[in-house]
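Participant: Heads up: the sequence lines are chains A and B, in that order.
Per the working numbering, the very first residue in the first sequence carries number 1; after that it's consecutive.
Per the working numbering, the very first residue in the second sequence carries number 273; after that it's consecutive.
Beta carbons are placed, not taken as given, at the ideal position from N, Cα and C, and that holds for glycine.
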Amino acid sequence: MKKSFAVFLRRNLAFANLAIVTNLEYRLNYFIDVLVQPILTTGIEILLWIAVFKGAKSTTIAGFSENSYLSYALWSAFFSRIVTSWMYEFRMIEEVSSGTINSLIVRPMTFYEYYLSQLMGYKFVTTIISLIVPVVASLFFDLPTILSRVPLATLLAFYYLILVHTISFIVSSMAFHFTKISSMTVAKNLLMWILTGELFPLDILPPFWKSIVIGLPFASGVFVPVAYITGRVGIESMYSGFISVTIGIIVLNAIGAYMWKKGIDSYVGTGA
Amino acid sequence: MKYVIETENLSRVYKTYQKPEGLKNSIKGIWERKYDSKVALAPTSLKIESGKIIGLVGANGAGKTTLLKILSGLVTPSSGQATVLGYKPWERKNDFLRQMSILLGQKNQLWWDISPVDSYALLARIYDLDIAATRKKVDELATMLDCKHVLMTQLRRLSLGERMKMEIIGALLHDPKILFLDEPTIGLDIVAQQNIRNFLTNYVKEKEPTVILTSHYMDDIATLADSLLLISKGNIVYQGTVDQFVANTNSELAHDEKVDFEEVIRRFLETESRIR
């Protein structure tokens with residue numbers, strides 16, 4: 001048992017390593033992804049909130065100051081980049097629809113772990129580099145930020161990433177039946193844009209919608225960690241976040257396992 | 273006699289969407305689709321002994337790749353039973369997958385964006401192999417295949433022949449007990465084909481794995497195979513030794529006619545195809 005866990009661990013560290021090695025083969029693409037994109041996203045979000053406050057001609061919106069929103073925008077851009085996996089989801093779908101999955105399913109490993117470890121490995125390294133942007137910006141502009149809360153908030157986002165990956169696994173399982181399914185990723189990401197709190201802080205929603213949306217595990221992707229860092233919520237929201245993500249992972253994994261079994265049984269080994 | 277592969281009434285039927293020509297039928301296909309069932313493999317019962325090299329031969333679409341895919345666990349059969357090394361292949365148990373390897377000549381098995389040495393290091397982790405021993409083995413196999421100079425070049429930058437050599441090394445790293453080779457020499461020039469044939473001949477002599485080999489090049493089959501499995505329209509039409517097959521078929525020819533192995537196979541399959 002101990003040996004098989006050690007084998008599992010070594011194998012998955014190798015997958016994480018593969019993600020980094022593969023991305024470093026294309027240096028320019030990698031550095032644009034880890035540095036240029038976060039700077040641009042952060043800039044756009046900050047400009048958007050500056051424009052909103054100028055138009056509103058008020059010092060607060062829903063009880064929060066302009067600096068509070070700017071800080072939210074800064075950190076939501078950072079967390080939303082951690083918890084999106086469209087790049088890997090497209091790849092997973094492509095593996096199934098093109099038949100390149102053949103080379104993976106005949107090896108002693110699972111498709112789920114192979115991509116989860118790659119996703120984690122890639123996100124871990126890019127997060128360390130991308131973290132420079134919000135830390136420097138929040139210190140430079142003196143935005144409300146509790147830096148000591150960053151590690152726990154980041155941990156929640158990485159835990160949430162398992163849920164994100166499980167959704168990608170479900171979508172890619174659908175490709176066994178429907179072949180081309182990438183539009184599902186786009187539609188789902190638009191929905192997640194709102195449900196995670198990337199577009200705006202979820203606590204400015206009307207009370208009824210706020211209680212529903214914050215109760216869903218998706219809020220733990222962006223809203224909960226960002227609100228925790230910027231002082232909008234306390235540690236109890238983080239605990240609730242960990243619990244709702246755990247429930248989400250269990251439920252979605254059960255659905256994913258069922259859909260994978262149905263999909264792989266109907267698979268025709270495309271292209272070989 | 274020890275059998276490593278046993279199948280009983282193993283079959284696979286593929287269901288495919290039939291789309292008649294035109295925009296009108298594309299729109300109609302949104303709510304109403306017609307599917308056609310095609311028998312890719314008719315109920316097949318086989319027994320394959322350990323350590324043999326089986327040449328699986330048939331025309332395009334005859335069902336040989338489907339049989340290979342089922343036996344390697346890529347595809348689940350529609351009906352029937354099969355055991356390979358005592359396992360149901362489509363359950364894809366790790367203990368089974370560790371003992372077999374499949375090489376698909378038309379598909380990359382290694383990672384496209386990294387160098388072969390990085391791929392082999394990853395495979396060592398996947399198959400839980402000793403890293404130092406794996407490096408040594410890569411070195412030995414690359415020497416035999418005369419391709420040491422490209423081990424550190426990104427796979428996508430290699431020629432077809434070099435890539436195939438890299439794929440062969442990757443398929444053999446974990447010393448598989450059973451090896452499925454689907455057209456390992458496809459698209460290669462005559463010299464490269466000969467190199468790979470020589471390499472495989474030496475390898476199977478030394479390691480004695482059971483090999484199921486498909487190829488459209490009859491030289492591959494004639495050089496490597498002990499036994500033949502001829503397949504036509506999803507049906508196994510001959511199972512026996514190569515020598516026996518050639519002897520039987522030659523006895524049916526006119527005395528003054530001389531044909532080579534490839535011609536014998538071609539004529540046999542054409543006849544079978546007409547009958548079925």
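So, at 7 Å on beta carbons, what are the nonlocal neighbours of T230 of chain A in its own chain, with the 5 sequence-adjacent residues on each side left out?
Facilitator: If we look at T230 of chain A and ignore the five residues flanking it on each side, its Cβ neighbours are S68, S71, Y72, W75, P144, T145.
Participant: Of all Cβ atoms in chain A, is any one closer than 7 Å to the Cβ of I450 of chain B?
Facilitator: It does not; no Cβ of chain A falls within 7 Å.
Participant: Residues of chain A with a CB under 8 Å from the CB of V518 of chain B: which are they?
Facilitator: Those do not exist, as V518 of chain B stays about 30 Å from chain A at its closest Cβ, beyond 8 Å.
Participant: If contacts are defined as beta-carbon pairs under 8 Å, then I93 of chain A and S237 of chain A qualify, I think. What distance do you get, rounded to the angstrom?
Facilitator: In fact, because the Cβ distance is near 34 Å, the residues do not count as touching under 8 Å.
Participant: Nearest to A354 of chain B by alpha carbon, out of B:V347, B:L343, B:R364?
Facilitator: Per the Cα distances, B:L343.
Participant: Determine whether the Cβ of I302 of chain B lies closer than 7 Å to any Cβ atom of chain A.
Facilitator: It does not; no Cβ of chain A falls within 7 Å.
Participant: Please report the distance separating the alpha-carbon of Y392 of chain B from that of A227 of chain A.
Facilitator: Each residue's Cα considered, the two are about 45 Å apart.
Participant: Where does T196 of chain A fall in DSSP's three states?
Facilitator: Coil, per DSSP.
Participant: Around the Cβ of N102 of chain A, are there at least 16 other Cβ atoms within 10 angstroms (buried) or fewer (exposed)?
Facilitator: By the 10 Å Cβ count, N102 of chain A comes out buried.
Participant: Taking the C-alpha atoms as reference points, what is the distance between I299 of chain B and Y289 of chain B?
Facilitator: I299 of chain B and Y289 of chain B: Cα-Cα distance of roughly 14 Å.
Participant: Using 8 Å for Cβ pairs, my map puts L369 of chain B next to R107 of chain A. What's the rounded Cβ distance?
Facilitator: Indeed they touch by this definition, with Cβ atoms about 6 Å apart.
Participant: Could you check how far apart the C-beta atoms of L423 of chain B and I440 of chain B are, in whole angstroms? I think they sit under 8 Å.
Facilitator: Incorrect: roughly 13 Å between the Cβ atoms, too far for contact.
Participant: Excluding the 5 residues preceding and the 5 following A19 of chain A in the sequence, name in chain order all residues of the same chain whose CB lies nearer than 6 Å to its CB.
Facilitator: Contacts found: Q118, G121, Y122.
Participant: Nearest to A314 of chain B by CA position, among B:K324, B:K296, B:N281, is which residue?
Facilitator: It is B:N281.
Participant: Taking C-beta pairs closer than 7 Å, name the residues in chain A that I441 of chain B reaches, listed in chain order.
Facilitator: Simply none; closest approach about 15 Å.
Participant: If you draw a straight line from the C-alpha of K262 of chain A to the C-alpha of F218 of chain A, how long is it?
Facilitator: If I take the Cα positions, the gap works out to 26 Å.
Participant: What are the residues that DSSP puts in a beta bridge with Y289 of chain B?
Facilitator: Y289 of chain B is bridged to B:Y307.
Participant: Is there a Cβ from chain B that is less than 7 Å from the Cβ of L18 of chain A?
Facilitator: By this cut-off, L18 of chain A is an interface position.
Participant: Ignoring anything shorter than 4 residues, give me the alpha helix (DSSP H) runs that lie fully in the stretch 411 to 485 of chain B, in order along the chain.
Facilitator: Counting whole runs of 4 or more residues, the stretch 411 to 485 of chain B contains the alpha helix (DSSP H) stretches 432 to 444, 462 to 479.
Participant: Taking the straight line between their C-alpha atoms, what separation do you get for E278 of chain B and V164 of chain A?
Facilitator: Distance between the alpha carbons of E278 of chain B and V164 of chain A: 42 Å.
Participant: Name the residues in the stretch 89 to 111 of chain A whose C-beta lies less than 8 Å from a C-beta of chain B; which are they?
Facilitator: Within the stretch 89 to 111 of chain A, the qualifying residues are G99, T100, N102, S103, I105, V106, R107, P108, M109.
Participant: Helix, strand or coil: which one does DSSP assign to A312 of chain B?
Facilitator: Three-state result, A312 of chain B: strand.
Participant: Would a C-beta distance cut-off of 7 Å place T457 of chain B and I468 of chain B closer than the cut-off?
Facilitator: It is a contact, given that the beta carbons lie within the stated cut-off.
Participant: Taking only runs that begin and end inside the stretch 59 to 147 of chain A, name each unbroken alpha helix (DSSP H) of 4 or more residues, in chain order.
Facilitator: Correct list: 66 to 82, 86 to 98, 102 to 105, 111 to 130, 132 to 140.
Participant: Measure the alpha-carbon distance for M438 of chain B versus F471 of chain B and round it to whole angstroms.
Facilitator: Near 13 Å, if we compare the C-alpha coordinates of F471 of chain B and M438 of chain B.
Participant: Where does V233 of chain A sit, in a helix, a strand or coil, going by DSSP?
Facilitator: The answer is coil: DSSP assigns V233 of chain A none of H, G, I, E or B.
Participant: Would you verify that the beta carbon of D390 of chain B is, or is not, closer than 7 Å to some beta carbon of chain A?
Facilitator: So yes, D390 of chain B belongs to the interface.
Participant: So which of B:A312, B:T316, B:D498, B:S499 has the shortest CA-CA distance to G269 of chain A?
Facilitator: The candidate whose alpha carbon is nearest that of G269 of chain A is B:A312.
Participant: Closer than 8 Å between beta carbons: that is the criterion. Which residues of the stretch 410 to 426 of chain B meet it against chain A?
Facilitator: So the close ones are Q426.
Participant: Using the beta-carbon count (16 or more within 10 Å), is T59 of chain A buried or exposed?
Facilitator: With fewer than 16 Cβ atoms within 10 Å of its Cβ, T59 of chain A is classed as exposed.
Participant: What residue from A:S266, A:W260, A:K54, A:F31 has the CA that sits closest to Y112 of chain A's CA?
Facilitator: With distances taken between Cα atoms, Y112 of chain A lies closest to A:W260.
Participant: Is the shortest distance between the beta-carbon of R370 of chain B and the beta-carbons of chain A less than 7 Å?
Facilitator: Cβ-Cβ to chain A under 7 Å: yes for R370 of chain B.
Participant: Against chain B, with Cβ distances strictly below 7 Å, would V164 of chain A count as a contact?
Facilitator: It does not; no Cβ of chain B falls within 7 Å.
Participant: What is the residue span of the beta strand (DSSP E) that T355 of chain B lies within?
Facilitator: Run containing T355 of chain B: 351 to 356, per the beta strand (DSSP E) assignment.
Participant: Strictly below 9 Å CB to CB, what residues from chain A border N281 of chain B?
Facilitator: Going along chain A, no residue has its Cβ under 9 Å from N281 of chain B, so there is no contact; the nearest lies around 18 Å.
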